[in-house]
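Note sheet for the following structure.
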Amino acid sequence: MIASENFTSVAVLQCLSSCLHNKYSEGMPHQRYYGGNEFIDEVEILAQQRSLQAYKLKPEEWGVNVQPYSGSPANFAVYTGIVEPHGRIMGLDLPDGGHLTHGFFTATKKISATSIFFESMPYKVDPKSGLIDYEQLAVSVKLFKPRLIIAGMSCYSRCLDYKRFREIADENGAILMADMAHISGLVAAGVIPSPFEFCDIVTTTTHKTLRGPRAGVIFYRKGVKSVNSKGEKVMYDYESKINQAVFPGLQGGPHNHAIAAIATAMKQAMLPEFVEYQRQVINNAQRLCEGLKSRGYNIATGGTDLHLALVDVRNKGLSGARAERILELCSIACNKNTVPGDKSALNPSGIRLGTPALTTRGLKESDFDKVVDYIDKALSLAQEITKSSGPKLVDFNKFIEDNADIKAKINNLKEEVEKYSQSFPLPGLERF
Ligand SMILES: Cc1ncc(COP(=O)(O)O)c(C=O)c1O
Numbered sequence: 133m134i135a136s137e138n139f140t141s142v143a144v145l146q147c148l149s150s151c152l153h154n155k156y157s158e159g160m161p162h163q164r165y166y167g168g169n170e171f172i173d174e175v176e177i178l179a180q181q182r183s184l185q186a187y188k189l190k191p192e193e194w195g196v197n198v199q200p201y202s203g204s205p206a207n208f209a210v211y212t213g214i215v216e217p218h219g220r221i222m223g224l225d226l227p228d229g230g231h232l233t234h235g236f237f238t239a240t241k242k243i244s245a246t247s248i249f250f251e252s253m254p255y256k257v258d259p260k261s262g263l264i265d266y267e268q269l270a271v272s273v274k275l276f277k278p279r280l281i282i283a284g285m286s287c288y289s290r291c292l293d294y295k296r297f298r299e300i301a302d303e304n305g306a307i308l309m310a311d312m313a314h315i316s317g318l319v320a321a322g323v324i325p326s327p328f329e330f331c332d333i334v335t336t337t338t339h340k341t342l343r344g345p346r347a348g349v350i351f352y353r354k355g356v357k358s359v360n361s362k363g364e365k366v367m368y369d370y371e372s373k374i375n376q377a378v379f380p381g382l383q384g385g386p387h388n389h390a391i392a393a394i395a396t397a398m399k400q401a402m403l404p405e406f407v408e409y410q411r412q413v414i415n416n417a418q419r420l421c422e423g424l425k426s427r428g429y430n431i432a433t434g435g436t437d438l439h440l441a442l443v444d445v446r447n448k449g450l451s452g453a454r455a456e457r458i459l460e461l462c463s464i465a466c467n468k469n470t471v472p473g474d475k476s477a478l479n480p481s482g483i484r485l486g487t488p489a490l491t492t493r494g495l496k497e498s499d500f501d502k503v504v505d506y507i508d509k510a511l512s513l514a515q516e517i518t519k520s521s522g523p524k525l526v527d528f529n530k531f532i533e534d535n536a537d538i539k540a541k542i543n544n545l546k547e548e549v550e551k552y553s554q555s556f557p558l559p560g561l562e563r564f
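All you need for the working numbering is the position in the sequence shown, starting with 1, plus 132.
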């Protein structure tokens, strides 16, 4: 139930293990530093065309680079190409649901390279509502004057207000980049608002809701940006800056097997079944939230519009770490996560739960009632353990180790979870 994970298709896996893996092809299609790239060019051009088609973008208005090795290098390539060294970048703070690459640093350490090579400043969610505080963002942007604002998240369960981001960017002469890594499948299916209408640049991974290979893609605006007072056309200048930042700036040879897999995933993302799948992802996430709420769990922002839920376990006397651990012992994988209002990023109070992977395995709303039941049983066990062990994770783990009765209860639940999960196939691995 890790929100950033999915099970990709057999066709994508076939691309990834194909002979395309063996070829070097530094450069762009028809401008390579190596010979023998006739078919590699075809594959990359196909991946570019399908990426634009999947998001209904006109090739005269948008360009795309499909070479980034993954999401983090894609983001860093944008910053490298568009923002000068030590230029200013603003993104959602990591503890508030942003990604490391959006500029995370602490009082004592610059953690992400984005904060080492650029000057980053976070914006935040309102600690009470859990929603992005757009008013405060507008104030901070006015003061900080970033070159680039990032609208994107790794753990935030609501649609972003791209129009509001655009207004704030325009008022301050900033470039607006969306990092839609988590939601790019939902966007391709048209089941949530698209960032393309309002953004200058859009980056994504292709392995999360999009259900493709581990890779990254950068979309950038091109063509006419505006017409100046003299009636002259002002053009977007992102294309060569971004392409050159990817190669030769940061990367070497493109991963051609991954690029073929992107072409495959983008084709799949245009099928009617994909839209159905993404609808189901959201329906399942909403059913998950309702089920957990009915059992007394607090959900950050009160629910979800997307594929994930952030569960605040403080009112259950638990921490994110203990909740993650007990679920892991019961064969349910998720990750501990900070929740709005958390004092320490090192001891987060919540868990992030996602529905994309289980939805790919065929679970529907009623199956998520069962999932809620298993999660609740596991977390109730964690409460029982905490009563005797106290709140520290080491003591919690030791208590489990030393207590045969608790161990037996955990193993029974684990067996139940595994037996239930076996009724849902893994794509391409039906024998499991
Ligand atoms: C919003 C966002 N951007 C970028 C990334 C980085 O992607 P990768 O792990 O492929 O480098 C992630 C990964 O979780 C993400 O959530």
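Heads up, the beta-carbon is just placed ideally off N, CA and C, and yes, glycines get one too. As the structure is a prediction and not an experimental result, all values here were calculated from the model.
As assigned by DSSP and simplified to three states, the class of residue i
i                 : result
methionine 367    : strand
phenylalanine 406 : helix
lysine 373        : helix
aspartate 499     : helix
arginine 220      : strand
glycine 284       : strand
proline 523       : coil
phenylalanine 528 : helix
alanine 477       : coil
lysine 295        : helix
valine 175        : helix
alanine 310       : strand
valine 215        : coil
leucine 420       : helix
isoleucine 507    : helix
tyrosine 201      : coil
Residue nearest to residue i in terms of C-alpha spacing, selected from the options
i                 : options                        : result
threonine 233     : Ser202, Thr240, Lys260, Gly262 : Ser202
serine 481        : Arg454, Ala465, Cys462         : Arg454
leucine 478       : Ala540, Gly486, Gly452, Ile458 : Gly452
leucine 417       : Gly384, Ala397, Leu459, Leu318 : Correcting the residue type first, residue 417 is alanine in the shown sequence and not leucine. Nearest option by C-alpha distance: Leu318.
alanine 186       : Ser326, Val526, Ser261, Asn388 : Ser326
lysine 570        : Asp173, Gly473, Leu382         : The structure shown does not extend to residue 570, since the chain is modelled only from 133 to 564, so the question has no answer here.
valine 471        : Asn430, Asp311, Gly486         : Asn430
proline 380       : Pro404, Ser289, Gly159, Gln163 : Gly159
alanine 401       : Lys354, Lys365, Ala320, Ile243 : Ala320
arginine 427      : Val445, Thr436, Val413, Arg411 : Val445
aspartate 537     : Ala245, Leu513, Glu251, Leu558 : Leu513
valine 366        : Lys373, Ile374, Ser372, Val356 : Val356
methionine 309    : Asp332, Ser316, Ile324         : Asp332
serine 372        : Glu422, Lys277, Leu558, Thr212 : Thr212
glutamine 554     : Gln163, Phe351, Gly494, Glu456 : Gly494
phenylalanine 406 : Arg353, Gly322, Thr487         : Gly322
serine 498        : Ala306, Arg353, Asn415         : Asn415
Residue i Cβ short of 7 Å to ligand 1 heavy atom set
i              : result
glycine 363    : no
histidine 439  : no
methionine 285 : yes
threonine 652  : Any property of residue 652 remains undetermined from this structure, which presents the chain solely from 133 to 564.
alanine 489    : no
glycine 473    : no
alanine 377    : no
threonine 140  : no
serine 555     : no
arginine 484   : no
aspartate 225  : no
aspartate 311  : yes
Does the region 294 to 307 come within contact of the region 439 to 451, defined as at least 3 CB pairs closer than 8 Å? Contact fails: fewer than three Cβ-Cβ distances are below 8 Å.
Counting pairs of beta carbons, one from the region 379 to 389 and one from the region 298 to 318, are three or more of them closer than 8 Å? Taking a cut-off of 8 Å on C-beta distances, the region 379 to 389 does not touch the region 298 to 318, as fewer than three cross pairs fall below it.
Would the region 342 to 349 count as touching the region 135 to 143 if we require 3 or more Cβ pairs under 8 Å? Enough Cβ pairs lie closer than 8 Å, so yes.
Using a Cβ distance threshold of 8 Å, determine whether the region 492 to 511 contacts the region 249 to 265, with at least three qualifying pairs required. Counting C-beta pairs closer than 8 Å gives fewer than three between the region 492 to 511 and the region 249 to 265, which falls short of the contact rule.
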